[in-house]
Amino acid sequence: MTWDANLYTDRHAFVFHHGESLIERLRPQPGERVLDLGCGTGQLASKIAQFGAHVLGVDRSPEMIEKARALYPDLEFRVADATRFHLERPVDAVFSNAALHWIRPPEQVIARVAAALKPGGRFVAELGGRGNIASLVRALEASLEVSGHADRKRLNPWFFPSLGEYSALLERYGLRVTGAVLFERPTVLEGENALLDWLHMFAGSFVSGLPREEAQLIFADTVERLRPNMYADGRWTADYVRLRLEAVRAA
378 MTWDANLYTD RHAFVFHHGE SLIERLRPQP GERVLDLGCG TGQLASKIAQ
428 FGAHVLGVDR SPEMIEKARA LYPDLEFRVA DATRFHLERP VDAVFSNAAL
478 HWIRPPEQVI ARVAAALKPG GRFVAELGGR GNIASLVRAL EASLEVSGHA
528 DRKRLNPWFF PSLGEYSALL ERYGLRVTGA VLFERPTVLE GENALLDWLH
578 MFAGSFVSGL PREEAQLIFA DTVERLRPNM YADGRWTADY VRLRLEAVRA
628 A
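Residue numbering for the sequence shown follows the working numbering, beginning at 378 and increasing consecutively.
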């Protein structure tokens, strides 16, 4: 999947703005080495660095990393696959916001997180949880069906686990869960075209390879299906559900 880094920073800043509260759970310390896994365009890596920590941001998207390097030239960013990356030496903490639900199989990324941490190192993450954007997914799948592309449901790129499911995976790989919460977070998307922008930004895999005009019609139909329940007073509200986790690698 190719990411539009400019569309991300210009119209989807809510992703990293919501992630700022997660840094409070990380509690970065001066001199610590922190890995920002799925760093996107680097805004949260920059926030962590302001605490005096040494931050390495990694993301699979070359477009995101190019933008991050342009925005924060004093920080270190690398293109890396979260299921395969290797670090020269372990870190004190791994941080991840709004990235892990994109990564399959989850076992592989958790194994790499565990390997990246020092004994006693911290893992703090937030991702989409069970029920995240459920209304949106149903509407998009309905639009695919009526357009003759029901088979494209299999192109769903997301993994939205339950609290118990992901906690069990962490424990299996030697990460002791110290905190976990699944919570609803209705998320405002400002503007008449905000939901259409969201679909182009995050749901492109469903229509990849289709003629542009056909893809546009599918997304437009999805928008209209959601309008009665999601749009009011010039803004959309998406049905986000978040899973927030904290864990420590066994000593």
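Just so you know, even glycine gets a beta-carbon here, dropped at the ideal spot from N, CA and C.
If you compare the alpha carbons of V514, V435 and P563 with that of L603, the shortest gap goes to V514. The shortest CA-to-CA distance from V554 to any of L620, L414 and G415 is the one to L620. When secondary structure is reduced to three states using DSSP, D413 falls in the strand class. Closest option to P439, judged by alpha-carbon separation, among V432, C416 and Q427: C416. Within the stretch 432-472, the complete beta strand (DSSP E) segments of 3 residues or longer fall at 453-456, listed in chain order. Counting C-beta atoms within 10 angstroms of its own C-beta, S398 has fewer than 16 neighbours from the protein chains shown and is therefore classed as exposed. V456 places its beta carbon 9 Å or farther from that of H431.
Judged by DSSP in its simplified three-state form, P605 adopts helix. For E561, the closest of S539, E590, A447 and G568 by C-alpha to C-alpha distance is S539. For T599, the three-state secondary structure derived from DSSP is helix.
The DSSP assignment places 483-493 and 511-523 as complete runs of the alpha helix (DSSP H) inside the stretch 464-544, in order along the chain (cut-off: 4 residues).
Membership of A615 in the beta strand (DSSP E) is indicated by the continuous run R612 to A615. Around the C-beta of D436, 16 or more other C-beta atoms lie within 10 Å, and the residue is accordingly described as buried. A contact is defined here as three or more CB-CB pairs under 8 Å, and the stretch 557-575 fails this definition with respect to the stretch 478-485. L414 is positioned such that its CB atom lies closer than 9 Å to that of A502.
Closest in alpha carbon position to L622, among E443, A475 and P407, is A475. Per DSSP, reduced to three states, the secondary structure at F560 is strand. Non-local beta-carbon contacts of A557 in its own chain, meaning distances under 6 Å to residues more than five positions away in sequence, involve L540, S544 and L622 in chain order. Spatial neighbours of G408 in its own chain (CB-CB distance under 8 Å, excluding positions within 5 residues in sequence) are listed in chain order as G429, A430 and H431.
The continuous beta strand (DSSP E) containing L622 extends over residues V618 to R626.
Just measuring C-alpha positions, the residue of Q406, E569 and A624 sitting nearest M607 is E569. Between the alpha carbons of D451 and L504 lies a distance of about 27 Å. Cβ-Cβ separation between L587 and G506: approximately 30 Å, too far for a contact (criterion under 8 Å). Within its own chain, the residues whose Cβ lies closer than 6 Å to the Cβ of V486, once the five positions on either side in sequence are excluded, are A459, T460 and I480, listed in chain order. Inter-residue distance for F579 and P534 is about 9 Å (C-alpha atoms, whole angstroms). E591 has its alpha-carbon roughly 43 Å from the corresponding atom of A491.
Judged by beta-carbon spacing, A516 lies beyond the 9 Å limit of T614, meaning their Cβ atoms are not closer than that value.
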